[in-house]
Amino acid sequence: MSDSLQRETSALLATCPKGLEELLADELRALGAEVGRSTVAGVHFRADRATAYRACLWSRLANRIVLCLLREEGIEHPEALHRAVAGLDWSAHLRPGATLAVDFHGRSEQIRHTRFGAQTVKDGVVDALQAEGRPRPGVDLQRPDLRLYAHLHRGRLTLGVDLSGESLHRRGYRRDVGHAPLKENLAAALLIRAGWPQRLRDGQALVDPLCGAGTLLIEAALMAADMAPNLNRVRFGFHGWAQHDEALWAELKREAEARASIGRRRCRSRLFGFDQSPPALAAAKANAMRAGIPALIAFQGASLGQLQRPSELGEEVRGLVMTNPPYGERLGELPELVTLYRELGEGIRQAFPGWRLAVFTANPDLGHRIGLRADKQYSLKNGPLEAKLLLMDVPDAAEVAQPDGAGSASGATTPRRSEGAQMFANRLEKNRKRLKKWLRQSGESCYRLYDADMPEYALAVDVYDGRVHVQEYAAPRSVNAAQAQKRLFDALQVIPEVLGVDPGQVVVKRREKQSGKDQYRKQASTGERFQVHEGRAKLWINLRDYLDTGLFLDHRPVRRMLGEMAAGKRFLNLFCYTAAATVQAALGTQEAGGASDSVSVDLSNTYLEWARDNFALNGLDPSRHRVVRDDCLRWLETARAEFDLIFLDPPTFSNSKKMEGTLDVQRDQVRLVSLAMARLASGGTLVFSNNQRRFQLDPELAERFMVEEISARTFDPDFTRRPDIHHVFKIRHREGA
1 MSDSLQRETS ALLATCPKGL EELLADELRA LGAEVGRSTV AGVHFRADRA
51 TAYRACLWSR LANRIVLCLL REEGIEHPEA LHRAVAGLDW SAHLRPGATL
101 AVDFHGRSEQ IRHTRFGAQT VKDGVVDALQ AEGRPRPGVD LQRPDLRLYA
151 HLHRGRLTLG VDLSGESLHR RGYRRDVGHA PLKENLAAAL LIRAGWPQRL
201 RDGQALVDPL CGAGTLLIEA ALMAADMAPN LNRVRFGFHG WAQHDEALWA
251 ELKREAEARA SIGRRRCRSR LFGFDQSPPA LAAAKANAMR AGIPALIAFQ
301 GASLGQLQRP SELGEEVRGL VMTNPPYGER LGELPELVTL YRELGEGIRQ
351 AFPGWRLAVF TANPDLGHRI GLRADKQYSL KNGPLEAKLL LMDVPDAAEV
401 AQPDGAGSAS GATTPRRSEG AQMFANRLEK NRKRLKKWLR QSGESCYRLY
451 DADMPEYALA VDVYDGRVHV QEYAAPRSVN AAQAQKRLFD ALQVIPEVLG
501 VDPGQVVVKR REKQSGKDQY RKQASTGERF QVHEGRAKLW INLRDYLDTG
551 LFLDHRPVRR MLGEMAAGKR FLNLFCYTAA ATVQAALGTQ EAGGASDSVS
601 VDLSNTYLEW ARDNFALNGL DPSRHRVVRD DCLRWLETAR AEFDLIFLDP
651 PTFSNSKKME GTLDVQRDQV RLVSLAMARL ASGGTLVFSN NQRRFQLDPE
701 LAERFMVEEI SARTFDPDFT RRPDIHHVFK IRHREGA
């Protein structure tokens with residue numbers, strides 16, 4: 001290792017996000033480096049001290065610039081790692097009294113944890129210094145004088161001094177990052193992939209219609225103004241390095257400051273950012289101010305529906321529309337995003353004909369909703385997510401003016417429904433027409449509109465007083481996953497259009513085979529609930545936070561029947577869920593009134609609290625209408641009270657940890673019904689219901705009790721397509737029994 005990187009070249013390593021190695025190598029060559037090979041660790045290159053400093057200052061793509069001190073094979077054991085580290089001359093790099101930190105990446109069979117690897121490297125450094133009679137260096141994980149970088153992969157160790165210090169992607173301008181921020185060096189890479197540097201030289205404009213915290217625009221402005229991305233950084237890793245040349249660094253920084261000053265004055269680039277979120281725009285403006293280029297970007301509040309070509313641009317100006325829209329990591333976000341991507345495509349076709357569009361998304365299927373064909377795609381990682389940069393030509397004005405459905409030379413098409421989406425829309429309209437009279441007469445506002453009527457669109461679509469709950473039935477393995485997702489997106493595009501609802505009022509979930517505890521597992525934590533009416537009852541609904549909504553719509557006729565039967569009776573609701581059936585029984589009919597008192601039993605605290613809220617919403621007296629938290633079977637075995645009307649609606653299967661054993665309604669029906677009948681008063685009625693589609697009543701029950709199956713009478717018009725969705729029986733004691 002030479003004492004002067006300024007005079008002689010040395011081995012360095014530049015790390016970067018995966019997928020950017022090729023771009024980083026080109027950038028390093030432009031800075032004067034001699035680029036070698038790329039590995040999983042990054043790009044290896046040779047450079048003198050000035051070029052190494054310049055890479056830290058000017059690299060728009062790198063995470064770190066590392067001065068390599070050691071590359072060694074066969075490092076599998078901690079002893080070998082310690083021995084390799086301890087063999088270096090650390091006094092040449094670490095000043096007396098300086099602090100130290102180690103970033104360790106990778107693993108081996110014997111070195112399985114990065115913390116253990118870092119500790120082993122640190123011990124090697126300490127032991128080497130103490131062997132020379134040097135004092136033991138301190139450790140400072142936050143702001144060390146010298147940061148070491150170690151990478152171990154397949155027995156190959158790369159070890160060196162981190163000249164960058166804090167990751168170079170942290171430019172220092174971004175304190176208000178907004179939601180799901182894009183890292184600065186990834187934003188720069190996207191701009192390069194999209195051809196912004198060349199467009200910049202050609203005098204073209206850049207527009208981000210969903211700019212958020214402004215990262216794409218700020219990185220584009222730094223390029224336009226010839227500003228080093230890390231010019232405003234106060235400290236680099238090399239400042240604590242024993243061989244740091246402060247005079248050389250000061251010269252390079254003065255050069256960069258002069259270039260920035262000239263670049264800002266000469267910059268004629270036109271950059272525009274739009275967003276409908278005032279906090280996001282405020283953050284973007286503050287970030288641009290800290291970056292030193294506030295005058296170069298025009299920010300404006302606007303939704304995609306308000307998107308227009310900036311008035312400052314003449315008709316002859318062309319450019320790049322580039323954005324990083326949200327891409328729905330959670331299934332429930334998709335309805336709004338399907339609409340957002342479609343509106344993005346429509347707005348850009350109208351406002352920016354003849355421009356180039358670049359969209360970075362981790363959900364390329366959403367990208368297809370834009371309605372333009374990508375002629376280039378680049379795969380990149382955005383944190384842990386696999387993402388793609390889609391590049392598309394926006395058709396010119398003449399092509400946009402073609403009749404709906406006409407193609408264009410660029411492959412662009414106007415946004416329209418696919419054949420399958422149109423069939424799905426037609427079925428929704430047909431079902432609405434079929435249910436219209438019943439809904440008007442019954443006054444019901446919560447109903448099922450669609451239930452996998454078409455096998456290709458395996459969804460259940462439920463309406464809750466103007467809001468829409470969509471359940472996607474998990475496709476079997478034989479169905480292509482990409483095709484299934486395309487059909488889901490088709491449906492999510494169509495539903496708001498046909499029903500006339502805002503996409504934000506559509507919630508989508510995936511319905512898969514459940515274990516007993518899945519019904520209670522939280523999907524989200526919004527706490528967003530609203531009231532609906534069912535007959536005389538008012539009930540709380542939550543579409544977002546749980547797999548189910550708080551109200552099983554198929555049991556509406558059963559709840560109505562219980563209300564008609566309950567006048568003056570003692571009512572028991574087993575496996576009560578949110579106790580909607582108890583509310584109906586307690587309210588009864590306007591003519592006869594409701595149950596004299598009730599007990600509702602369930603094992604879930606969540607749903608019992610929900611039940612109490614339903615009781616309060618309807619003004620029910622909690623001293624007469626009680627909820628009990630218990631295993632229903634255990635409660636029945638110990639209870640002594642009798643009831644005139646019992647509703648038994650167990651889950652098909654349950655293996656909740658709170659239960660003793662498991663529950664299978666087909667297997668355990670005799671025990672369930674027998675225990676319930678033991679609590680039924682003479683002359684009373686047990687209403688036994690379940691949703692096991694292939695349920696068969698055990699003949700033993702028909703021999704012991706009077707059993708009447710009433711399933712066919714418990715379906716309103718919105719569920720007549722699925723007569724096996726539930727089974728309902730009235731069970732009474734035999735006379736004289």
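Each residue of the sequence shown is one higher than the last, beginning at 1 in full-length UniProt numbering. Even for Gly, the Cβ is constructed at its ideal location relative to N, Cα and C.
Cβ contact check for the stretch 158-175 and the stretch 332-339: 3 or more pairs under 8 Å
Not touching, per the Cβ criterion.
For Glu528, the nearest candidate out of Arg536, Phe688, Ala537 and Asn542 (CA to CA):
The residue with the shortest Cα to Cα distance from Glu528 is Asn542.
Pick from Glu21, Ala150, Ala194 and Arg136: whose alpha carbon is nearest that of Arg107?
When only C-alpha atoms are compared, the closest one is Ala150.
Put Glu312 into one of helix, strand or coil per three-state DSSP.
In this structure, Glu312 counts as coil in the three-state DSSP scheme.
Please report the straight-line C-alpha distance between Tyr53 and Ala256, rounded to a whole angstrom.
Roughly 12 Å separates the two Cα atoms.
Do three or more CB pairs link the stretch 622-634 to the stretch 596-609 at distances below 8 Å?
The answer is yes - the stretch 596-609 touches the stretch 622-634, with three or more Cβ pairs under 8 Å.
Thinking just about the alpha-carbon of each residue, which of Ala421, Ser379, Val479 and Phe530 is nearest to the one in Ser445?
It is Phe530 whose Cα lies nearest to the Cα of Ser445.
Going by C-alpha to C-alpha distance, which of Gly593, Val507 and Ala387 sits closest to Thr549?
Checked all of Gly593, Val507 and Ala387; the closest Cα to Thr549 is Val507.
6 Å CB neighbourhood of Gln128 in its chain, flanking five on each side removed
Residue identity check: residue 128 is Ala in the sequence provided, not Gln. Here Ala128 has Ala86 and Trp90 as same chain residues with Cβ atoms under 6 Å from its own Cβ, once five neighbours each way along the sequence are excluded.
How would you call Thr662, buried or exposed, if buried means at least 16 neighbouring beta carbons within 10 angstroms?
Under this definition Thr662 is an exposed residue.
When DSSP labels each residue in this structure, what does His153 get in the three-state scheme?
Of the three classes helix, strand and coil, the one that applies to His153 here is strand, per DSSP.
On the DSSP bridge assignment, give the partners of Leu648 in chain order.
Answer is Leu574 and Phe688, bridged to Leu648.
Pairwise C-alpha distance: Arg71 and Pro96:
The alpha-carbon atoms of Pro96 and Arg71 are separated by roughly 26 Å.
Mind pulling the alpha helix (DSSP H) runs of 4 or more residues that sit fully within the stretch 263-299?
The qualifying runs are 278-291.
Cross-strand partners of Gln696 (DSSP beta bridge):
Note: Gln696 sits in no beta bridge, so no partner.
Checking 8 Å against the spacing of the C-beta atoms, do Gly155 and Ile218 come in under that value?
Contact check for Gly155 against Ile218 fails: the beta carbons are separated by 8 Å or more.
Beta-carbon separation of Ala580 and Ala537 under 8 Å?
Cβ distance < 8 Å, so Ala580 and Ala537 count as in contact.
Nonlocal neighbours in the same chain, by C-beta distance under 7 Å from Leu357, ignoring five residues either side
Hits under 7 Å: Val321, Ile348, Leu372, Met392 and Val394.
When the Cα atoms are used, what is the spatial distance from Gln505 to His44?
Straight-line Cα distance between these residues: approximately 52 Å.
Taking all protein chains shown into account, decide if Asn480 is buried (16 or more other Cβ within 10 angstroms of its Cβ) or exposed.
Counting of Cβ neighbours within 10 angstroms places Asn480 among the exposed residues, the total staying below 16.
Return helix, strand or coil for His726, following the three-state DSSP convention.
Coil at His726, not helix or strand.
How is Glu346 classed by DSSP in three states: helix, strand or coil?
Correct three-state label for Glu346: helix.
At least 3 beta-carbon pairs within less than 8 Å: the stretch 487-495 vs the stretch 461-472
A contact exists between the stretch 487-495 and the stretch 461-472.
Going along the chain, which residues of its own chain have a beta-carbon closer than 6 Å to the beta-carbon of Gln669, five neighbours each way excluded?
Only Asp698 meet the Cβ criterion.
Nearest to His169 by CA position, among Pro229, Lys122, Val102 and Leu366, is which residue?
Comparing Cα-Cα distances from His169 to each of Pro229, Lys122, Val102 and Leu366, the minimum goes to Pro229.
Grab the span of the alpha helix (DSSP H) containing Arg37 for me, first residue to last.
Where Arg37 is concerned, there is no enclosing alpha helix (DSSP H), although the beta strand (DSSP E) it sits in stretches over Glu34 to Ser38.
Thinking C-alpha only, which one of Leu252, Thr158 and Val102 is nearest Thr51?
Closest by alpha carbon: Leu252.
Would you decide whether Trp610 is buried or exposed? Buried here means 16 or more other CB atoms lie within 10 Å of its CB.
Label assigned to Trp610: buried.
Counting only the same chain and skipping the five closest in sequence on each side, list residues whose C-beta sits under 8 Å from that of Lys381.
Only Pro17, Lys18, Gly19 and Ala387 meet the Cβ criterion.
Any contact between the stretch 264-276 and the stretch 296-308? By contact I mean 3 or more CB pairs, one from each, below 8 Å.
The stretch 264-276 and the stretch 296-308 touch, with no fewer than 3 CB-CB distances between them shorter than 8 Å.
Measure the Cβ-Cβ separation of Glu593 and Gly563 and say whether it is below 8 Å.
Just to set this straight, residue 593 is Gly in the shown sequence, not Glu. Cβ distance not < 8 Å, so Gly593 and Gly563 don't count as in contact.
So, at 8 Å on beta carbons, what are the nonlocal neighbours of Asp453 in its own chain, with the 5 sequence-adjacent residues on each side left out?
So the list reads Arg427, Asn431 and Arg721, once near-sequence residues are dropped.
Short of 8 Å in beta carbon distance, which residues of its chain neighbour Arg136, apart from the five on each side in sequence? Order them along the chain.
For Arg136, where only same-chain residues beyond five positions count, the Cβ hits under 8 Å are Val126, Leu129 and Gln130.
Any idea what DSSP makes of residue 738, helix, strand or coil?
Look at the range of the chain in this structure, 1 to 737, and you will see that residue 738 is not part of it.
Buried versus exposed, by CB contacts within 10 Å (16 or more), Phe719
Within a 10 Å sphere around the beta-carbon of Phe719 sit 16 or more other beta-carbons, which makes this residue buried.
According to the neighbour-count rule (16 or more other Cβ atoms, all chains shown, within 10 Å of its Cβ), is Gln584 buried or exposed?
Counting of Cβ neighbours within 10 angstroms places Gln584 among the buried residues, the total reaching 16 or more.
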